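One structure is given here, and the rest of the page talks about it.
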Amino acid sequence: MEKELERVTKKLFNATMFNFACLMNNAYRDKEKPHVHFHFIPRYDGERIILNKKYKDRHFGYNMWKWAIK
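Letter by letter, the sequence shown follows residues 40 to 109 in our numbering.
Next comes the structure, spelled out in structure tokens:
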């Protein structure tokens, strides 16, 4: 599934690379049935125009925990 997400996102949006995150939140702490939560984040090394709107990946090249950087 990951390879297909990457392939389609590269083709449609010219993504440079990708970040994946898999979280289980607090399922074990709260004694709940584990729930896996995935994030797929395309990253872009420059400005992109998608549906006539400009996008710039301000966080390209930074670690996820540094997203407060402006």
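In this text, a Cβ means the ideal position worked out from N, Cα and C, and glycines have one as well. Because the structure is a prediction, the values reported are computed rather than measured.
My guess is that V75 and C61 are in contact by the Cβ rule of under 8 angstroms, so how many angstroms apart are they, rounded?
Yes, they are in contact, since the Cβ atoms of V75 and C61 sit about 6 angstroms apart, within 8 angstroms.
Output the boundary residues of the alpha helix (DSSP H) element that contains R46.
Where R46 is concerned, the enclosing alpha helix (DSSP H) stretches over 41-52.
Where does the unbroken beta strand (DSSP E) through K95 begin, and where does it stop?
For K95, no beta strand (DSSP E) segment is defined, and its DSSP state is neither H nor E.
Alpha carbon to alpha carbon, how far is E71 from F99? Give it in angstroms, no decimals.
Going from the Cα of F99 to the Cα of E71 covers about 35 angstroms.
Under a three-way DSSP split, which group does P73 fall into?
Note: P73 maps to coil in three-state DSSP.
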